[in-house]
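A quick write-up on the structure given underneath.
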Amino acid sequence: MAAMTPTPAPATPDATPDTASGTTAPAAAAPAGPSVKARAPRRRPRPRVWRAAVFLLAGAYFLVPLVASFVFTVHVPGQGVSFEAYTQLLAADGFTESMLLSLGLAAATIALSLLLAVPALVAVRLGSPRLRPVVEVMCMLPLVVPPIALVTGITTVLRWGPEHLSRTPLYQTFLAVQDERFPVVLVLAYTVLALPFVYRSLDAGMRAVDVPTLVEAARSCGASWPYVVLRVLLPNLRASLAGAAFLTLALVLGEFTIASLLGFRPFAVWIVTISGAHARMSVAVSVLSLLITWLLLLVLSRAGTNPATVSSAPSTSPTSRKES
Amino acid sequence: MSTTLPAARQSEGFDGRTDSAPGARVEFRGLRRAFGSTVALDGLDLTIEPGELVALLGPSGCGKTTALRVVAGFEQPDSGEVLVDGEDITRVPANRRDAGMVFQSYSLFPNLSARDNVAFGLRVRGVGAARRRERAAELLDLVGLPDHGDRYPHQMSGGQQQRVALARALALRPRVLLLDEPLSALDAKVRASLRDEIRRLQLSLGITTVFVTHDQEEALSMADRVAVLNAGRLEQCAAPAELYERPATPFVAEFVGTMNRLPGRITDSGLVEVAGARLPVDGPVPTATREVEVLVRPENVTATADPEGTATVVAASFFGAVTRLHLDLPGGTSVKADLPSRDAGELAPGARAAVGLTERPVLVVARSA
Ligand SMILES: Nc1ncnc2c1ncn2[C@@H]1O[C@H](COP(=O)(O)OP(=O)(O)OP(=O)(O)O)[C@@H](O)[C@H]1O
Ligand SMILES: [Mg+2]
Numbered sequence: 600m601a602a603m604t605p606t607p608a609p610a611t612p613d614a615t616p617d618t619a620s621g622t623t624a625p626a627a628a629a630p631a632g633p634s635v636k637a638r639a640p641r642r643r644p645r646p647r648v649w650r651a652a653v654f655l656l657a658g659a660y661f662l663v664p665l666v667a668s669f670v671f672t673v674h675v676p677g678q679g680v681s682f683e684a685y686t687q688l689l690a691a692d693g694f695t696e697s698m699l700l701s702l703g704l705a706a707a708t709i710a711l712s713l714l715l716a717v718p719a720l721v722a723v724r725l726g727s728p729r730l731r732p733v734v735e736v737m738c739m740l741p742l743v744v745p746p747i748a749l750v751t752g753i754t755t756v757l758r759w760g761p762e763h764l765s766r767t768p769l770y771q772t773f774l775a776v777q778d779e780r781f782p783v784v785l786v787l788a789y790t791v792l793a794l795p796f797v798y799r800s801l802d803a804g805m806r807a808v809d810v811p812t813l814v815e816a817a818r819s820c821g822a823s824w825p826y827v828v829l830r831v832l833l834p835n836l837r838a839s840l841a842g843a844a845f846l847t848l849a850l851v852l853g854e855f856t857i858a859s860l861l862g863f864r865p866f867a868v869w870i871v872t873i874s875g876a877h878a879r880m881s882v883a884v885s886v887l888s889l890l891i892t893w894l895l896l897l898v899l900s901r902a903g904t905n906p907a908t909v910s911s912a913p914s915t916s917p918t919s920r921k922e923s
Numbered sequence: 420m421s422t423t424l425p426a427a428r429q430s431e432g433f434d435g436r437t438d439s440a441p442g443a444r445v446e447f448r449g450l451r452r453a454f455g456s457t458v459a460l461d462g463l464d465l466t467i468e469p470g471e472l473v474a475l476l477g478p479s480g481c482g483k484t485t486a487l488r489v490v491a492g493f494e495q496p497d498s499g500e501v502l503v504d505g506e507d508i509t510r511v512p513a514n515r516r517d518a519g520m521v522f523q524s525y526s527l528f529p530n531l532s533a534r535d536n537v538a539f540g541l542r543v544r545g546v547g548a549a550r551r552r553e554r555a556a557e558l559l560d561l562v563g564l565p566d567h568g569d570r571y572p573h574q575m576s577g578g579q580q581q582r583v584a585l586a587r588a589l590a591l592r593p594r595v596l597l598l599d600e601p602l603s604a605l606d607a608k609v610r611a612s613l614r615d616e617i618r619r620l621q622l623s624l625g626i627t628t629v630f631v632t633h634d635q636e637e638a639l640s641m642a643d644r645v646a647v648l649n650a651g652r653l654e655q656c657a658a659p660a661e662l663y664e665r666p667a668t669p670f671v672a673e674f675v676g677t678m679n680r681l682p683g684r685i686t687d688s689g690l691v692e693v694a695g696a697r698l699p700v701d702g703p704v705p706t707a708t709r710e711v712e713v714l715v716r717p718e719n720v721t722a723t724a725d726p727e728g729t730a731t732v733v734a735a736s737f738f739g740a741v742t743r744l745h746l747d748l749p750g751g752t753s754v755k756a757d758l759p760s761r762d763a764g765e766l767a768p769g770a771r772a773a774v775g776l777t778e779r780p781v782l783v784v785a786r787s788a
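Just so you know, the protein sequences line up as chains W and Z, in that order.
Each residue of the first sequence is one higher than the one before, counting from 600 in the numbering used here.
Each residue of the second sequence is one higher than the one before, counting from 420 in the numbering used here.
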């Protein structure tokens, strides 16, 4: 499980432009090189060589397995290049269903965890800053509870429930929660798992803006509480909201243990099921799932950056809102 | 909620006929607020007349910010009330209080341009886009930033941000303007110019303004009246000149401006004998003892170069028009004297001087052990 969860790097989307500029830095520094050569002829080349070496090494570590996998899926010995694995895959039994299920679970998990975490963190920050360590510990707790333990707990409850509640309306709830088409119980479990990442990301975002002052400024301009949260806080927490969503999405798309043990078939479980049968197709499915995940993450991180251009849009819209 | 402002003025406040914002009378009545064992406000009474600029001045932690936040609605008093034009607004939520506020820290919405920041309150109230733009331009013009509408907060200097914050606070034509040390994060030059500008604006709009500061120069130079707070209580509220010339309490006397404390003695005739002079006493005379301390402003201390003099110049600080001398008197007292700089030439550190007092009534307090 631990291997599948993304590292809790706060404000992930922000990191992207930084690292991008970091990689272009050597190129920009290059023209300056010759002019200062006379002074320090030996010093300059070294870091550049090292940087390139590290960069290449990291790139190779990252790309070689991917390229190898891709080649494996399209190159059939004796027949040349063929994309059959991919076409088969898209037609394979359960691909679409499991993919849609995973995306649905991810969306629901993102929504639920943000709905829980945003008001809670805002409330703590404004109302009782002294409770912050408590909330932090509670939110980080899922990191130290192994998913297996979580599953065991959930299974116990799910089994216990129907036995004791068969005559109450709660019984129906227990069944509905385990509906194969959309197992809400997974959303609940994933929300717990995602909490540390969501917390970290939001906390970093809230550190970056002066939440109490912004809230008071908005209040003194006549804004009601819902208006403050929706129109002032959320837009200013865009980056960290996107970061939280980003991490949650990655988590849900890759989660296997809980889904498998509870007997549901989201994408990760489906991959494992199918890979036993067709070697080439299972690798194709991994390559494809990587691409899909990247694409989604890219979309999300784009949504988190560039607040200036995006957020100025609403003010020019002709519709104006009435608030109490 | 029960005592919300009348709906009519809420919708008219910003979109009214002329630019004459109506100033309101603000009254603090017995405000008390404690945070645990810290008493921030301890029965504060103060009335601010319509259109007046009152500076709340006091040492750090005396409750200035708390008083302002009670008016803004961000803090609930434990007891006491705030009246605006005779109306008790103590329980009115902050967003219905018709008070504009400028904060000490930069408080512009980082995701909005200067124009949208200024127009924020109008947007909240559902004013149409065209009218919002017009009013925002008007206000940016007013605060001297007509070309900065498209800038984002991070693209503006601190002074510019505070100007925009001021424009935002004025956008709804509030009845009260609350300023919590809006200049304290700025450098001295910007601070001085913005100070004058705020005052000019406030006068032309006639808006009742409460200005919190711990900078007495700021308070004395801007305000119609200065309210000196100490430990959550009002010490004195008076016009700057009166506060300076006739401080009501020793605390005010020493907090506002610079004071010398000189040992003195009340004579039988009721005069006070100090530094070789006999001066009339202003204010109450301690009855318990004749040994008193006399409070004298540096500008009322004279010093002349005199090789026979009993005082020694310890240090001299040049402030342009005046020079402040630090002198040691026999008996271990030290005294500060402000002289016109052209008269201070011979009084370099180490020089002997004769010290005297100008003939004015002085404040006396019982000598502390
Ligand atoms: N939210 C709070 N929780 C606990 N104590 C507080 C709170 N707000 C203010 N205080 C305390 O109340 C007292 C008055 O605070 P206040 O902020 O009004 O002072 P101030 O006069 O504005 O000081 P400064 O010039 O430093 O801004 C201080 O002792 C402060 O520590
Ligand atoms: Mg303060």
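Ideal Cβ placement from N, Cα and C applies to all residues, glycine included.
Roughly how many angstroms separate the alpha carbons of residue i and residue j, rounded to a whole number?
i, j, result
"Z:T729", "Z:G775", "11 Å"
"W:H877", "W:D692", "13 Å"
"Z:E710", "Z:T723", "27 Å"
"W:P782", "W:R729", "37 Å"
"W:S634", "W:F654", "In this prediction, W:S634 scores a pLDDT of 43, lower than 50, which makes its location untrustworthy; the coordinate-derived value is nonetheless stated afterwards. Roughly 26 Å between the two C-alpha positions."
"W:M600", "Z:L531", "Caution applies to W:M600, whose pLDDT of 38 falls short of 50 and renders its modelled position unreliable; the value that the coordinates give is listed next. Spanning the two alpha carbons is a distance of roughly 41 Å."
"W:E779", "Z:N514", "47 Å"
"W:K636", "W:A651", "In this prediction, W:K636 has a pLDDT of 42, which is less than 50 and means its spatial position is unreliable; what the coordinates show is noted afterwards. For W:K636 and W:A651, the distance between alpha carbons rounds to 20 Å."
"W:S839", "Z:V562", "34 Å"
"W:A710", "W:V675", "43 Å"
"Z:E636", "W:S712", "52 Å"
"Z:L613", "Z:V490", "24 Å"
"Z:S623", "Z:C656", "23 Å"
"Z:L475", "W:P745", "57 Å"
"W:V797", "W:V786", "15 Å"
"W:Y789", "Z:L541", "42 Å"
"W:T767", "W:F773", "11 Å"
"W:T695", "W:T872", "14 Å"
"W:I753", "W:A707", "19 Å"
"W:A816", "Z:L598", "12 Å"
"Z:R510", "Z:I467", "20 Å"
"Z:V501", "Z:K483", "15 Å"
Check this for me: beta carbons of residue i and residue j, under 7 Å apart or not?
i, j, result
"W:F584", "W:V884", "An answer regarding residue 584 of chain W cannot be provided, because it is not within the stretch 600 to 923 covered by chain W."
"W:L932", "W:V851", "A query on residue 932 of chain W cannot be resolved here, the shown segment of chain W reaching from 600 to 923 and no further."
"Z:R610", "Z:L602", "yes"
"W:M965", "W:F845", "Any question about residue 965 of chain W goes unanswered here, given that chain W covers just 600 to 923."
"Z:V473", "Z:A646", "yes"
"Z:A756", "Z:V720", "yes"
"Z:P699", "Z:P768", "no"
"W:A858", "W:A902", "no"
"Z:V783", "Z:V713", "yes"
"W:G875", "Z:V543", "no"
"W:L720", "W:L801", "yes"
"Z:Q621", "Z:T632", "no"
Among the options, which has the Cα closest to the Cα of residue i?
i, options, result
"Z:P478", "Z:V675, Z:Y663, Z:A586", "Z:V675"
"W:S823", "Z:F539, Z:Y663, Z:S787", "Z:F539"
"Z:Q580", "Z:F528, Z:S623, Z:L487, Z:P666", "Z:F528"
"Z:G455", "Z:T466, Z:S576, Z:D497", "Z:D497"
"W:F661", "W:L896, W:L894, W:L889", "W:L889"
"Z:G577", "Z:A533, Z:D560, Z:V501", "Z:A533"
"Z:Q495", "Z:A453, Z:Y663, Z:P749", "Z:A453"
Worksheet entry | Contact the stretch 648 to 659 of chain Z vs the stretch 453 to 469 of chain Z: 3+ CB pairs below 8 Å | Verdict: yes, contact present.
Discussion item. Threshold first: 3 residues or longer. Then list the beta strand (DSSP E) segments lying entirely within the stretch 506 to 545 of chain Z, N to C.
Written reply: Note on the stretch 506 to 545 of chain Z: whole beta strand (DSSP E) runs with a minimum of 3 residues are 518 to 521, in chain order.
Worksheet item: Unbroken beta strand (DSSP E) runs of length 3 or more, entirely within the stretch 595 to 670 of chain Z: which are they?
Response: Listed in chain order, the beta strand (DSSP E) elements of length 3 or more contained wholly in the stretch 595 to 670 of chain Z are 595 to 599, 627 to 632, 644 to 649, 652 to 657.
Item to complete: Could you name each continuous alpha helix (DSSP H) segment of 4 residues or more that falls completely within the stretch 748 to 786 of chain W, going from the start of the chain to the end?
Response: 769 to 776
Worksheet item: Per the contact definition of three or more C-beta pairs closer than 8 Å, is the stretch 516 to 523 of chain Z in contact with the stretch 549 to 566 of chain Z?
Response: no
Worksheet item: Three or more C-beta pairs closer than 8 Å, one from the stretch 829 to 849 of chain W and one from the stretch 793 to 813 of chain W: is that the case here?
Response: yes
Discussion item. Quick check for students: name the residue ranges of the alpha helix (DSSP H) that lie wholly in the stretch 444 to 512 of chain Z, counting only runs of 4 or more.
Written reply: 483 to 491
Discussion item. Any residue with its C-beta under 6 Å from a non-hydrogen atom of ligand 3 counts. Can you list them all in chain order?
Written reply: As presented, the structure is devoid of ligand 3, carrying ligand 1 and ligand 2 as its sole ligands.
Item to complete: Specify whether the stretch 700 to 714 of chain Z and the stretch 679 to 692 of chain Z touch according to this definition: at least 3 beta carbon pairs, one from each stretch, less than 8 Å apart.
Response: In this structure the stretch 700 to 714 of chain Z lies against the stretch 679 to 692 of chain Z, because at least three pairs of beta carbons, one per stretch, are closer than 8 Å.
Practice prompt. Taking 8 Å as the threshold, find out whether the stretch 783 to 797 of chain W comes into contact with the stretch 502 to 509 of chain Z through three or more Cβ pairs.
Written response: The stretch 783 to 797 of chain W is not in contact with the stretch 502 to 509 of chain Z.
Worksheet entry | alpha helix (DSSP H) runs wholly inside the stretch 820 to 897 of chain W, at least 4 long, in chain order | 837 to 853, 856 to 861, 866 to 876
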